[in-house]
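For the sequence shown, this note's numbering begins at 6 and goes up steadily by one.
Idealized CB from N, CA, C, for every residue including glycine.
Below is one structure, written out as structure tokens; the observations come after it.
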Amino acid sequence: ASALLILLTLVHATNHKNSSGTQVIFTILKVVVILSFIVGTVLVVGTPQAVNFFPAPGDGTIILSSEYAVALIYVSFAYTGWNAATYLSSELENPQRTLPWILITGTAVVTLLYLGLNFSFLYAAPMDAMMGQVEVGAIAAQAAFGETAGRLTGLVLAMLLISTVSAMTMAGPRVIQVIGEDYPAIGVLGKKNSNGIPATAIWIQSSVALLFILSSTFESILVFSGFTLALNSFVTIAGIFVLRYRQPDLERPYRTFLYPFTPLLYLVLTGWILGFTLVSRPLEALFSLGFIGSGLVFYWLAANRLSES
6 ASALLILLTL VHATNHKNSS GTQVIFTILK VVVILSFIVG TVLVVGTPQA
56 VNFFPAPGDG TIILSSEYAV ALIYVSFAYT GWNAATYLSS ELENPQRTLP
106 WILITGTAVV TLLYLGLNFS FLYAAPMDAM MGQVEVGAIA AQAAFGETAG
156 RLTGLVLAML LISTVSAMTM AGPRVIQVIG EDYPAIGVLG KKNSNGIPAT
206 AIWIQSSVAL LFILSSTFES ILVFSGFTLA LNSFVTIAGI FVLRYRQPDL
256 ERPYRTFLYP FTPLLYLVLT GWILGFTLVS RPLEALFSLG FIGSGLVFYW
306 LAANRLSES
């Protein structure tokens, strides 16, 4: 994992051609492999597993449980990156027109792919074999295609994570870059190389990611990252109401669909997930709050220095 991250950091810190080309190749490969796995599973498996995809009596108590709320952290983490195009909006042509289309179509395609992939897992492998396991893709592949072919397929599915790591290595640092551009006190964060790439921000993000990889477990990283991202999204959506109240006459090229119901629904669901995660996984949640708190202190110092200058 560390070697992969370093390699992709080197690629994305060079120029736009290498960065975008690498991402396009691995994304196309990922979509082709997922579609092939879904179709292959349905064609090869003679007798599918007996799985009921409809709610059963008593499922309501499961949905309201803390375990279900924590599980949604993993689900939300799987969709991490649906809004990554916004980080690159300054590099898009006519973002007012293209950005909403990119977000809607991208999220819809990913949703369909994830539903199809999870369906194929449940179609091929018994539920008991996958419960509590991390490598569910490999388990389903072995159940569908046999042990040897299954191991190879499981390895290919694991390699698809390359596109995810690549996407976040490319998009995430753009946020750090903008922070550096907005606050001269930390202007080094926004520094670009001769090719217009925020190389400093890319290396900073990768260094933090390496620290997490070397110091924690896979599950803890998922819970911490998922909680942190959910909390940031919660505050961002809440900012819609603050901005509408403080600047009601501000020009808004894009307006929130079905405002205020959609953001309120999101805040209620996300707040519920965050609350149960804080109770069920306090270590990761509190560490996340401390991490964000340190960022707020850093922001306050930079903002004060900007106002003084």
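To the nearest angstrom, report how far apart residue i and residue j are at their CA atoms.
| i | j | result |
| --- | --- | --- |
| P60 | I245 | 34 angstroms |
| Q5 | H17 | Since the displayed the chain opens at 6 and closes at 314, residue 5 lies outside it and no answer follows. |
| L194 | P203 | 8 angstroms |
| A328 | E186 | Summary: the structure shown does not reach residue 328, with the chain confined to residues 6 through 314, and so no result is reported for it. |
| A113 | V50 | 27 angstroms |
| L272 | A8 | 38 angstroms |
| S125 | G142 | 9 angstroms |
| A76 | F239 | 18 angstroms |
| L104 | T91 | 7 angstroms |
| T233 | T282 | 11 angstroms |
| T85 | M173 | 9 angstroms |
| G155 | F303 | 48 angstroms |
| E140 | T153 | 15 angstroms |
| Q54 | V44 | 16 angstroms |
| W305 | Y188 | 11 angstroms |
| K22 | K196 | 19 angstroms |
| S70 | L10 | 36 angstroms |
| V213 | I109 | 30 angstroms |
| F296 | T14 | 23 angstroms |
| G63 | I218 | 39 angstroms |
| T169 | L294 | 25 angstroms |
| A235 | A290 | 11 angstroms |
| K35 | A6 | 18 angstroms |
| V284 | P265 | 29 angstroms |
| P268 | T261 | 8 angstroms |
| L274 | S94 | 28 angstroms |
| I68 | G276 | 15 angstroms |
| I278 | G111 | 24 angstroms |
Looking at the secondary structure, which residues open and close the alpha helix (DSSP H) in which residue i lies?
| i | result |
| --- | --- |
| D133 | 132 to 135 |
| Y188 | That residue, Y188, is in no alpha helix (DSSP H); it is neither H nor E in DSSP. |
| T205 | 204 to 220 |
| F82 | 71 to 83 |
| N23 | 21 to 49 |
| L10 | 7 to 17 |
| G65 | 64 to 68 |
Would the beta-carbon of residue i be found less than 8 angstroms away from any heavy atom of the ligand ZN?
| i | result |
| --- | --- |
| G295 | Of ligands this structure carries none, so the ligand ZN is not represented either. |
DSSP on residue i, reduced to helix/strand/coil?
| i | result |
| --- | --- |
| S238 | helix |
| E224 | helix |
| F315 | No statement about residue 315 is possible, as the shown extent of the chain runs from 6 to 314 and does not include it. |
| W87 | coil |
| T233 | helix |
| N99 | coil |
| S94 | helix |
| N309 | helix |
| G201 | coil |
Could you tell me whether the Cβ of residue i comes closer than 9 angstroms to any Cβ of chain D?
| i | result |
| --- | --- |
| G65 | Here chain D cannot be found, since the structure has a single protein chain. |
Requested in this report: Return the chain-ordered ranges of every alpha helix (DSSP H) run that is complete within the segment 251 to 303 and spans a minimum of 4 residues.
Outcome: 266 to 285
Query - 4-residue-minimum alpha helix (DSSP H) runs that sit fully inside the segment 101 to 182, ordered along the chain - result: 132 to 135, 141 to 150, 152 to 164, 166 to 176
Query raised in the report: Does the segment 120 to 133 come within contact of the segment 142 to 149, defined as at least 3 CB pairs closer than 8 angstroms?
Result: yes
Requested in this report: Assess, as a yes-or-no matter, whether the segment 296 to 313 is touched by the segment 95 to 102 under the definition of 3 or more beta carbon pairs within less than 8 angstroms.
Outcome: no
Query raised in the report: Do the segment 161 to 181 and the segment 205 to 223 touch if we need at least three Cβ pairs shorter than 8 angstroms?
Result: yes
Query - Stretch pair the segment 208 to 228 + the segment 250 to 268: three plus CB contacts closer than 8 angstroms - result: no
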